[in-house]
Every structure is written in C-alpha cells, then in structure tokens.
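Everything on this sheet refers to the single structure shown next.
In the numbering used here, the protein residues as written are 8 to 613.
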C-alpha cells in the first residue's frame, strides 16, 4: 500500500515545467497517473502509481512524497485533507475516570483527532472525492463512521456523539484567539461557564486571583492559558479534551495545573495532547503514541501504560506495532550529574547588579557569578521573577541600574549571541522576508560548519524558501535559534528555546546544542521550563527565587544535584530515574517513593 502526498505550500507550478508529469514512466505509456488538477497543481493517482520515485527526484521544490505503508492500514483511514493530502489512521480512545495522553510530533494529527472526538470535525474516512455527482452515495455518514469502528469502544462513543447524547468540553491549542470570541473580564467568563461550582477553588489553586478583574485582552500568555484550562474544567461535561496545557507556563504553574486536573476531573474521561513528557507522565493514566511523517500521515497506536508508552517513544521502537519511528533513541545520562568540583575552569565572570522597573515596580538583585569554559548553565525559576531580565542585562539588551551598570558591562569583554524569549517580532515587519534571507542578514554567508552544525540538524533547509510570516510557532522558534547559533560568539544565551517545540524537535535541539558547544568550545546560558531539556543540557543550575512581579533574586549557581534539590523542594515534587531509560520521572504525590525521597531531603534522584 502506498500514499502520495503533495505539499501545496511548496508546489509552485508557475515556476516549473511539470517535471513530475513530464518524467513519470506511467504517463509516458499513456496512463494518466499524474494530471493537472483544478488549481493548476498536479494530482497523483495512488492506485496507478508504481512507486518508482522519479517524480520525487525531479520536483524542483521537493513537494512530492510517495510513502509505502503496511497493507493492514488500508481501509482504516480516519480522515484525509483533500487529494494527496495528510492522512490520519486510527483514533485515541477516551476512558471513563481516566486521563489519556497523546504523544507525537507537530503536524502528525493530534489536534485533528481531538477535534473529531470533540465533535468539531466530522471524519471523512479518507473519502475526498465524494462531492462528485457519481460518488455522492460514498459521502461518509455517522452510520459509516460507527461501522468503521464496530466492536471497539469508539463505536458507542460516536453513536452517542452523533445523537447529541454526550456533552464535551474542549480547550483549543491556540489560546490567543480567545479574546476574539469573548470581550470582557476574566470573572465574567468564569461566571457564565462555571457549571460545577469549582471556579473559585481553581482560581486560587492556579494563582489567578489578581487577574479576575482584568479584561481577557490584557492577560499574559501564561494567565490566558490558565484561564482557558479553568474555563474548560468548570463545565459540566462527560468528556474533556485539552489540546496542550503547558505553553507559556513555568514549571510551578504546570505542576499546579496537572494537580488540579487530576483532582477535579478524577471521575471524568479526559484526553490531553501534551509535549512536556514530565508533566504528561505525572498526569496521564494511559497514552496513545502517534507516529508517521509530519504533514503527510499519522498512525495512532492502541493505548499503552504511561511509563511504557513514553519509554517506547524515547527508544524509537514500538514493540506491539513492530515499528521503528526514530533512527536512534533519546538517551539520558546514566550517571548522576557532575558536581560543582567537576565544572570546567572559569571562562567569564560578571559583577552583581540591580535592575528596577519604576519606583514601586519589579526589582531584580543579581549576585556576582561566573560561567565555565564550554559549560551550559541552566536557569530555572517561576515566571515574572527576573530570569529573562537577567539574561537580557548580560546580553547588553537591557541596562542595569547606574550604580553597577558600568562594572557589569566591563566584565563581559566577549562576543555574546542572544535569542530573546519572545520571537513573534520576527514576523511583524511590513515586508515579507524569506528564511534564508533572514539568516544571511544575521550572519552573512554561511560557512560549511554552520550548515553541518546548525542549519541541517534544526531542519532550516526545509524552511529556507518560506516567508517568516508563514511559519508556525515551532518553525519560527527553530529559525530564531539557528540565527542565534550562526553568529560568531563565545557565549550563547537562549531564553526559552523549547517553547512551541514538540518532543522530537526538543530532542534535536538538545543534541544540536550539546554538539555545538563541544565542537566550538563555547558556553551557554539556557532559560527553560522543560525539565527534560534542563536535565539533558545543563552542567550547573542557576536557581531564581522571590515573588513574581515584585522581586527576584538568585539563590546561586549549584551543581545539578544541589540546584535541583532546592528547586524541587519549593515545587513540592520529587524526581527519580526510570530504571530502563534513565529519564527523570515525577513521583506520584504521596507515593512511597515520594515520601521516601522527601524524608531523606533528596528531591532529585535517589
């Protein structure tokens, strides 16, 4: 069985001579395997295609893919986006009283599955030509959909969904569209959606008391995310669907949201799409893995236990399906992180400084410190506590208070490259600019080392012809990271590089940064909320403390063991190593291991 995929955003028939048609052997013999469609773009017949791959090689824009799939998937399509478009096979299964997670790359079909389950999208079962007069009888109906899933738990689910006998609550992935649909204060939104009488409790648990009287349009990304989660949880529904709950949230907020969901929705059926594996491990009872090729096809596995599912995903091999989804596993250091005495020799020192915003505004007090040669210094702490301000001052983007400003600036007599937290400004220009032109505007002509160490590993080569305004959040993040790393510097500062990235992209980022720092002997400062990324990248840890929006201070730079202990003690969570993959796992709160580690004061690995 094979499917043919045409990436319409890459296909540019006005700039080519239809090489796909011109060189197709079947077309040359008179068989219309590839024809020109209504919009001037080629349409490939999957039934007639022999899979020779010549059209793939001849397409000047790499817009065509011919993919061989197992025969057992034939006839099991759930949904397809047009002729030669993305295909989704299978569906996650909601379970009463359980939280089911889904893991997979961006563009693999997770959001499509959630929308179908929530009733926002009717699956077409792969039938994309049913508008033709002679095929109208083939148009999928709920009866056909139920028949497709006969004998499974989804048959009853779709039966009730079609009849309107179940109520669902759905939190979308892109929360920035919420202000377009509701114009009012946070409390007003919660009042009209609170059907379970738990809004007040959740507002307190999620630390949103001060935001209740503000307009939805005035909220930060983290506040809007928490409001969206609460507004979904307080509805009286049978099934709850959450399409990503952690973007814009710090690790404290992520843990609070996960705890709140487990407590308030403990008797409900919940499905969650999430890229933070530590939080998903803490939250989910079961997981579905979705594998395939982004933008081309996705296959949903049967449910697996959370631990087994995440371990198989990291290993890159799915045992029950006998499928390899990755060439190499994502591996974690078997040995405990090196201590303070093992850090490389001092590379650069910086003086202490203070940064104050207004007379009564936020104030950051930073102690003097140093960064080791070739080391990566991880930075953790709550949102709005000064982490980005600290990095911005060291990068020369923000001026500290005059009393310490000159000394702080003089101590940084090296080249610094800085990726800021917010990268949307890259897309705000009036004129469109292609990715490759943007990268060259930052670096000039790229060296072979830049291409090998940065451009190819981060997948920038596939984006070069796209305009910045067309990029998704994850694609834009990778471009911003590449622009930072391609600059000639001795110290690289990246503020939240994992934002908007899926698990696979994070794995590539970690590998790229590690290899980059080692090959070039450079040092790095990494601010992030993803525990996996911090664990895999950091040699030491800088821990921030204080009161969000009021004051911030640096407790100091510690070895990973000591630093994570301080950080996790405040968080109230304990971590252990998974026995098979050595990945960090959050212990279930109140479990035997959790109690044991807290008693010993060892919050970060026994």
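From the three backbone atoms N, C-alpha and C, an ideal C-beta is built for every residue, glycine too.
All values derive from a computational prediction rather than experimental measurement.
- Here residue 36 is exposed. Its C-beta has fewer than 16 other C-beta atoms within 10 Å.
- Within a 10 Å sphere around the beta-carbon of residue 275 sit 16 or more other beta-carbons, which makes this residue buried.
- Going by C-alpha positions, residue 361 is about 19 Å away from residue 389.
- The beta carbons of residue 324 and residue 331 sit closer together than 8 Å.
- Within the model, the alpha-carbon separation for residue 556 versus residue 249 is close to 28 Å.
- Burial state of residue 259 is buried, judged by a 10 Å Cβ sphere holding 16 or more other Cβ atoms.
- Within the DSSP secondary-structure output, residue 554 pairs in a beta bridge with 558.
- Residue 38 sits in coil when the DSSP states are folded into three classes, being neither helix nor strand.
- Closest in alpha carbon position to residue 232, among 282, 97, 179, is 179.
- Looking at the backbone, the Cα of residue 168 and that of residue 126 are separated by about 7 Å.
- Beta-bridge partners of residue 72 (DSSP): 12.
- Distance between residue 283 and residue 582, taken at the CA atoms: about 15 Å.
- Taken in chain order, the unbroken stretches of alpha helix (DSSP H) that lie wholly in the region 174 to 214 and span 4 residues or more are 185 to 188, 193 to 200, 206 to 212.
- Contact between residue 424 and residue 364 does not hold, since their C-beta atoms are separated by about 25 Å, which reaches or exceeds 8 Å.
- Under DSSP, residue 595 takes part in no beta bridge, so it has no partner.
- In the pairwise beta carbon analysis, the region 18 to 31 is classified as touching the region 55 to 68: at least three pairs are separated by under 8 Å.
- Within the region 506 to 580, the beta strand (DSSP E) runs of at least 3 residues that lie entirely inside it are, in chain order, 530 to 534, 547 to 554, 558 to 566.
- Take the alpha-carbon of residue 545 and the one of residue 504: they are about 14 Å apart.
- Assignment of residue 589 by DSSP, reduced to helix, strand and coil, places it in the coil class.
- DSSP lists 293 as the bridge partner or partners of residue 312.
- Under the three-pair Cβ rule at 8 Å, the region 93 to 111 counts as touching the region 291 to 304.
- In this structure, DSSP gives residue 112 a state outside helix and strand, which the three-state scheme calls coil.
- In the displayed model, residue 65 falls within a helix according to three-state DSSP.
- Three or more pairs of CB atoms, one per stretch, sit closer than 8 Å, so the region 482 to 490 contacts the region 441 to 449.
- With 16 or more other Cβ atoms from the protein chains shown falling within 10 Å of its own Cβ, residue 547 counts as buried.
- Proximity to residue 427 across 44, 485, 462 peaks at 485, based on C-alpha coordinates.
- Counted as a single uninterrupted DSSP element, the alpha helix (DSSP H) harbouring residue 237 occupies residues 228 to 240.
- In this structure, residue 61 sits away from residue 99, with a CB-CB distance that is not shorter than 8 Å.
- Boundaries of the beta strand (DSSP E) harbouring residue 361: 360 to 363, taken from the DSSP string.
- Annotation for residue 85: the continuous beta strand (DSSP E) segment containing it runs 84 to 87.
- Residue pairing for residue 426: DSSP places it in a beta bridge opposite 501.
- Here residue 96 is not near residue 383, since their CB atoms are 8 Å or more apart.
- Remark: fewer than three beta-carbon pairs, one from each stretch, lie closer than 8 Å, so the region 460 to 479 and the region 397 to 406 are not flagged as touching.
- For residue 356, no alpha helix (DSSP H) run applies; the uninterrupted beta strand (DSSP E) run containing it begins and ends at 353 to 357, by DSSP.
- The continuous beta strand (DSSP E) containing residue 385 extends over residues 383 to 387.
- Contact between residue 374 and residue 561 holds, with the beta-carbon distance rounding to 5 Å and staying under 8 Å.
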